[in-house]
Amino acid sequence: MKADLHCHTHLSDGQHTPTFVIERARANLVTHLAITDHDVSQALPQAMGYQDLKLINGVEISCLWEAFEIHIVGLFVDPTNTHLQTLLSTQQVRRRERVAQIDAKLTALGTAGLLPNLLAKPAVALTRSHVADFLVANNVCKNRQKAFKTYLNRSGKLFVAAQWCDHTEATRAIKAAGGIPVLAHPGRYAMNKTKLNRLLECFTAAGGEGLEASYPNIAPDMNQYLMQLAEKHGLYLSTGSDFHDAAAHWTDVGKFPTLDRAAAQRGIWHHPTWGQHDNTQPPARLKTL
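Residues in the sequence shown are numbered consecutively from 984, following this note's numbering.
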C-alpha cells in the first residue's frame, strides 16, 4: 500500500488538472490518492474505473486555533454534504474578499488587474500563492519567496489578515460529511512543543482523528515526535506529499517518507471509515487504538 492522502490541483493552488494528478499517482505506483484542495471538495468520477488506484474524496480546510492558522484535511468526505459545502462556500467567499482587498492595495501601488486575472483561472479557491504568481508575472517581484516576504506576509505591503473558520467548525463539517479529520503537516506551524501538544488536545476534543506524520522535508526527529504525540492522543497516522506542482523538484505525488512497520500499525488505513470505502485489506494491526 502506498497512500498519498494530501495533494492539490488547479481547483485551488495546485498547477495541474485532477486528471494529471491522478495519472501522476498511477505512474508513481500510488495505490490510494486523496485530492485535498484548499476549501474545495468535488467528486472525481473519472478515477472510479481504475483498478490500480483508489480515489478518496478529500478537502483541506484553512482554519484558526487560538491565534494560529492551521489546516485540517478531511478524508472520505461526501462532497455533496450540505453542512460541508455551506462552510466551504463561505470560505471561498472569504478568499475572494481577501484577494479583492489585496487588489485594492496593489492598485494603489501602481499595478492593477489582480482580481480579474485570478477570477479567470480554474481555481475555485483563490490563494496567496495565486497572488504571488501574479506579482512575479507582472515583474513586481522576481520570485514567489520575495513576493511573500515583501508583500504578502504579516509585515508585507499587501498583507490582509485571513478570516477563517474556527478549527472546531472545520472538524465538525468534515465529520458531518462522513469524513475523517486529520491535522495537516503539524511540524510546519510556528509552535513550540507545549503549544503543539495543546493544539492536539483541542483538536482531539473537537473530534479530530488523525495526524499527518509523514510529508516532504519533515525532519526525522519531528517525524518521531509526531508519532509519539499520535500515540499519546489516540490519533491515527496519515501520509501525504502535499503535491502542488510537477516542476517543484522537492515533491511529487507519492513522494514522502515511508512509515516504519510499527508506525504503520497506527496508519489511518486502519480507521473503520477506510474499510467502509475500500475493499483492499491493510496489514494486520498489532494493537487497537
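Ideal placement from N, C-alpha and C gives every residue a C-beta, glycine not left out.
Just so we're clear, the structure is a prediction, and the values are computed from it rather than from any experiment.
Checklist entry - So what does DSSP say about W1257, is it helix, strand or coil? => result helix
Item to check | L1047 and W1147 closer than 7 Å at C-beta | outcome: yes
Checklist entry - Using CA coordinates, which residue listed in C990, A1010 and N1011 is at the minimum distance from P1001? => result C990
Item to check | C-beta contact flag for I1163 and H1232 at 7 Å | outcome: no
Next on the checklist: Please state the DSSP three-state secondary structure of N1200.
Outcome noted: Coil at N1200, not helix or strand.
Item to check | Inter-residue Cα distance where the pair is N1011 and A1087 | outcome: 43 Å
Item to check | Candidates S1024, Y1208, I1044 and A1050: closest to L1038 by CA position | outcome: Relative to L1038, the option among S1024, Y1208, I1044 and A1050 whose CA is nearest is S1024.
Item to check | L994 versus E1043: straight-line alpha-carbon distance, rounded | outcome: Cα-Cα distance, rounded: 12 Å.
Checklist entry - Is the Cβ of E1006 closer than 7 Å to any Cβ of chain D? => result Given the protein chain composition of this structure (a single chain), no chain D is represented.
Checklist entry - So, S1221 versus K1238, is the Cβ gap smaller than 7 Å? => result no
Item to check | Three-state class that DSSP yields for S1072 in the structure shown | outcome: helix
Next on the checklist: Which of the three DSSP states is assigned to P1169 in this structure?
Outcome noted: helix
Item to check | Reduced DSSP category for R1268 - H, G, I as helix; E, B as strand; rest coil | outcome: Reliability of the predicted coordinates at R1268 is poor, the pLDDT of 42 falling under 50, and the value obtained from them is presented with this limitation in mind. Coil at R1268, not helix or strand.
Next on the checklist: Within 8 Å, do at least three Cβ pairs link the region 1209–1220 to the region 1084–1104?
Outcome noted: no
Checklist entry - Do you know how far the Cα of H1054 is from the Cα of T1133? => result Cα-Cα distance, rounded: 24 Å.
Next on the checklist: So, for D1235: in the same chain, excluding its five sequence neighbours on each side, which residues have a beta-carbon less than 8 Å away from its beta-carbon?
Outcome noted: R1007, N1011, S1224, F1226 and A1229
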